[in-house]
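Numbering (this note's numbering), first residue to last: 18 to 629. Glycine included, C-beta positions come from ideal geometry on N, C-alpha and C. In what follows, a single structure is set out as structure tokens and then discussed.
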């Protein structure tokens with residue numbers, strides 16, 4: 018904004034400044050500050066405005082030099098200008114100076130110096146005309162401060178302002194934008210900000226911009242812009258039309274760098290995905306652990322591992338092999354876990370043969386091969402035959418492999434093998450999940466192995482304690498049937514026995530020792546032997562049960578519960594005596610096939626003595 022307030026220079030004429038009436042009238046009616054100096058620089062005349070500015074009356078100023086009466090800065094300005102004019106030099110107009118009044122206020126003045134010549138061209142005086150520009154100066158200062166605030170606000174908000182013509186053509190330079198994008202001035206003025214937009218975003222951005230130009234509507238968009246460093250940053254742009262008298266005179270736009278926000282959003286998205294994946298992996302591991310805890314046999318454990326590999330890992334094939342320490346080899350438990358193709362290992366894999374599973378067992382670490390090239394490199398490093406590797410990879414549809422050692426207390430039990438028919442990226446989080454899964458599988462395999470071993474031992478013990486055959490007695494037909502509830506139910510203390518007493522009668526017993534496994538079977542053996550000894554000595558059922566109570570108290574634990582049904586039968590008549598020790602009563606079936614429960618005193622389990 019121009020603040021040109023100086024008055025025109027007085028015409029150079031032969032005005033006689035000694036005409037006091039004319040001059041006094043001019044000076045008294047003027048709002049400007051006037052002062053006339055003789056060629057030597059002394060005050061000749063001043064008006065009231067000037068005296069008010071300097072705070073001195075006219076009679077004290079006339080005939081004196083500025084240096085004698087005025088402040089140093091005002092003196093320097095006046096004397097310098099008067100001297101220059103006296104020497105015939107040009108003096109710059111509109112010279113600014115700040116003057117403090119007597120009451121302490123500061124005023125800004127614009128001073129103009131002009132020579133006054135007579136008709137002969139002789140310099141008669143130098144005229145000073147002063148204009149009070151305090152108000153306009155304040156307006157300029159307010160405007161400057163407003164611009165500075167606006168500029169600071171824009172810079173603080175990372176906003177880059179630009180201006181275009183009504184047609185969208187760039188009108189003015191945008192140094193901040195060019196500093197970021199690296200565009201030259203000519204390039205920017207020729208093509209504008211659109212030239213820096215990412216190629217994938219430019220078409221849609223340009224279409225939206227032209228649509229806003231046609232409709233004279235606000236333009237709001239976001240895009241990626243090329244930076245000086247050849248990277249890209251995210252910007253949001255908003256431009257509005259400036260309309261005067263119904264016509265668009267220009268467009269003003271502002272670009273805001275939102276790269277940090279976009280990066281934060283992307284980071285939050287990645288973290289959310291990672292947390293979701295971690296939660297899913299945790300849930301899958303918990304589910305696998307729960308299912309593995311219910312598996313009793315190695316066969317069941319293998320089936321769980323196959324199911325987990327298919328559901329949790331999306332593996333196409335899963336294989337489980339157990340370590341045979343004596344043969345130093347891995348033995349496959351499930352068929353079909355490894356394709357039957359040239360170069361593939363067989364059902365028994367020596368530890369000296371390099372494969373995904375043997376490498377995992379030998380190193381006690383997981384083996385990840387995310388591609389055929391990765392598998393080839395690892396097998397070659399482990400000493401495998403390159404021709405066999407080539408045959409396997411040529412015929413196999415597998416493209417990624419995972420080998421996991423089954424470790425229990427640092428001892429290798431076997432290995433797992435998962436394969437995929439597509440390349441598979443194994444992240445660090447996936448690796449942690451797989452190791453945890455292998456740990457749970459190893460515990461399940463160890464538990465199942467111990468169970469099967471104990472089951473076989475207990476079953477052998479139980480079978481050894483049951484009679485091989487029942488006695489043959491005239492007048493009676495004896496038969497037995499013993500069957501477990503299912504294949505994998507643990508062996509317990511269920512037992513039966515039948516033998517001939519000394520008087521020819523037949524003793525028969527069915528019993529159950531609470532518990533499972535070897536302990537229950539051993540307890541059953543003790544009760545069976547004690548009952549035979551008591552029956553052969555004093556055969557009546559009540560006496561036998563009373564004796565068993567005493568034996569039970571002496572040999573068995575308090576929390577042990579044992580029940581039985583004991584009877585003595587006369588072969589000739591079929592009559593007999595029955596005693597129950599907490600056991601369900603026997604079922605009597607008539608020749609016509611009508612069943613009937615034998616009613617009798619139920620009694621208490623052994624060790625809880627009552628009247629038998």
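Who are the Cβ neighbours of residue 630 in its own chain at under 8 Å, not counting the five residues just before and after it?
The structure shown does not extend to residue 630, since the chain spans only 18 to 629, so no value can be given for it.
Going along the chain, which residues of its own chain have a beta-carbon closer than 6 Å to the beta-carbon of residue 288, five neighbours each way excluded?
Working through the chain shown from its first residue, we reach residue 288 at position 271. For residue 288, where only same-chain residues beyond five positions count, there are no Cβ hits under 6 Å.
Flag this pair as touching only if the region 481–499 and the region 555–573 have three or more C-beta atom pairs under 8 Å; answer yes or no.
no
Given a cut-off of 8 Å, decide if residue 117 and residue 125 are closer than it, judged by their beta-carbon atoms.
Looking up residue 125 in the chain shown gives position 108. Looking up residue 117 in the chain shown gives position 100. No; because the gap between Cβ atoms is not below 8 Å, this pair is not in contact.
Element boundaries [beta strand (DSSP E), containing residue 125]:
Translated into the one-based positions of the chain shown, residue 125 becomes position 108. Counting along the chain, the beta strand (DSSP E) containing residue 125 begins and ends at 123–134.
Selection from 313, 622 and 615 that minimises the alpha carbon distance to residue 593
Counting from one through the chain shown, the residue named residue 593 turns up at place 576. Looking at the Cα atoms, 615 is the closest of the given residues.
Keeping to the same chain, check which residues put their C-beta closer than 6 Å to that of residue 399; ignore five residues upstream and five downstream.
To locate residue 399, count along the chain shown from 1; it is residue 382. Once the five neighbours on either side are set aside, the close Cβ partners of residue 399 are 371 and 376.
How about the region 405–423 and the region 381–388: do they share at least three Cβ pairs that are nearer than 8 Å?
yes
How is residue 301 classed by DSSP in three states: helix, strand or coil?
Here the question's residue 301 lines up with position 284 in the chain shown. Correct three-state label for residue 301: helix.
If you compare alpha carbons, which of 441, 432, 208 and 444 is closest to residue 458?
Your numbering for residue 458 matches position 441 in the chain shown. Per the Cα distances, 432.
Which residue marks the beginning of the beta strand (DSSP E) containing residue 259, and which one marks its end?
Here the question's residue 259 lines up with position 242 in the chain shown. Segment 249–261, the beta strand (DSSP E) holding residue 259.
Going by the beta-carbon positions, is the gap between residue 513 and residue 526 smaller than 8 Å?
What you label residue 513 is simply residue 496 of the chain shown in a count that begins at 1. What you label residue 526 is simply residue 509 of the chain shown in a count that begins at 1. For residue 513 and residue 526, yes; Cβs fall inside 8 Å.
Per DSSP, residue 163 is paired with what?
If you number the chain shown from 1, residue 163 lands on position 146. In the DSSP output, where bridge partners are listed per residue, residue 163 has none listed.
What is the DSSP secondary structure of residue 634, reduced to helix, strand or coil?
Outside the displayed range of the chain (18 to 629) lies residue 634, so it cannot be described from this structure.
Using alpha carbons as the reference points, say which of 266, 444, 230 and 213 lies closest to residue 242.
In the chain shown, the residue the question calls residue 242 occupies position 225. Taking only the C-alpha atoms, the option nearest residue 242 is 213.
Which same chain residues end up closer than 8 Å to residue 19 when comparing Cβ atoms and leaving out the 5 residues on each side of it in sequence?
The sequence position of residue 19 within the chain shown is 2, counting from 1. Here the model assigns residue 19 a pLDDT of 40, short of 50, so the residue's position is not dependable and the matter cannot be decided.
Answer with buried or exposed for residue 226, where buried requires no fewer than 16 other C-beta atoms within 10 angstroms of its C-beta.
Here residue 226 refers to the residue found at position 209 when the chain shown is read from its first residue. Burial call: buried.
In or out: residue 262 buried (at least 16 other Cβ within 10 Å) or exposed?
For the purposes of this step, residue 262 is taken as the residue at position 245 of the chain shown. So residue 262 ends up on the exposed side.
Where residue 541 sits in the DSSP three-state scheme
Translated into the one-based positions of the chain shown, residue 541 becomes position 524. Here residue 541 sits in helix by DSSP.
Under the three-state reduction of DSSP, which class applies to residue 61: helix, strand or coil?
Stepping through the chain shown from its first residue, residue 61 is reached at position 44. Strand.
Ordered along the chain, which non-local residues of its own chain (more than five positions away) have a Cβ less than 7 Å from that of residue 490?
By 1-based counting over the chain shown, the position of residue 490 is 473. Same-chain partners within the cutoff: 517, 523 and 588.
Completely contained alpha helix (DSSP H) runs for the region 399–429, where each covers 4 or more residues
403–412
Would the beta-carbon of residue 360 fall within 8 Å of that of residue 406?
Residue mapping note: residue 360 aligns to position 343 of the chain shown, counting from 1. Residue mapping note: residue 406 aligns to position 389 of the chain shown, counting from 1. Using a Cβ distance threshold of 8 Å, residue 360 and residue 406 count as a contacting pair.
Range covered by the alpha helix (DSSP H) that runs through residue 561:
Position 544 of the chain shown, counted from the start, is the residue given in the question as residue 561. Residues 558–572.
Simplified DSSP assignment, three categories, for residue 285:
By 1-based counting over the chain shown, the position of residue 285 is 268. Here residue 285 sits in helix by DSSP.
Name the one or two DSSP bridge partners that residue 516 has.
The residue given as residue 516 occupies position 499 in the chain shown. DSSP output for residue 516 lists 524 as bridge partner(s).
Using the Cα positions of residue 145 and residue 59, report the straight-line distance between them to the nearest angstrom.
The count along the chain shown starts at 1 and reaches residue 145 at position 128. The count along the chain shown starts at 1 and reaches residue 59 at position 42. Cα to Cα, residue 145 sits roughly 12 Å from residue 59.
Distance check for residue 256 and residue 205, CA to CA, integer angstroms please.
Your numbering for residue 205 matches position 188 in the chain shown. Your numbering for residue 256 matches position 239 in the chain shown. When rounded, the distance between both Cα atoms is 17 Å.
Which residue or residues does DSSP assign as beta-bridge partners of residue 449?
Within the chain shown, the letter at position 432 stands for residue 449. DSSP, once it has assigned bridges, lists no residue as partnering residue 449.
Looking only at its chain, what residues have a beta carbon closer than 7 Å to the beta carbon of residue 486, apart from the 5 residues adjacent to it on each side?
Position 469 of the chain shown holds residue 486. Correct list: empty, nothing qualifies.
Just to confirm the assignment, what range does the alpha helix (DSSP H) spanning residue 378 have?
Taking the first residue of the chain shown as position 1, residue 378 is located at position 361. Unbroken alpha helix (DSSP H) run through residue 378: 373–380.
Quick one: grab the DSSP three-state call for residue 352.
The residue labelled residue 352 in the question sits at position 335 within the chain shown. Looking at residue 352 - three-state DSSP - the assignment turns out to be coil, as it is neither helix nor strand.
In terms of DSSP beta bridges, what is residue 615 paired with?
Working through the chain shown from its first residue, we reach residue 615 at position 598. Within the DSSP bridge table, the entry for residue 615 names no partner.
Would residue 488 and residue 515 be called neighbours here (beta carbons separated by less than 8 Å)?
Counted from its first residue, the chain shown places residue 488 at position 471. Counted from its first residue, the chain shown places residue 515 at position 498. Closer than 8 Å, so yes.
Which partner residues of residue 272 appear in the DSSP bridge assignment?
In the chain shown, the residue the question calls residue 272 occupies position 255. DSSP lists 177 and 254 as partners of residue 272.
Cα separation between residue 445 and residue 313?
As a working mapping, residue 445 is identified with position 428 in the chain shown. As a working mapping, residue 313 is identified with position 296 in the chain shown. Looking at the two C-alpha atoms, the distance is approximately 32 Å.
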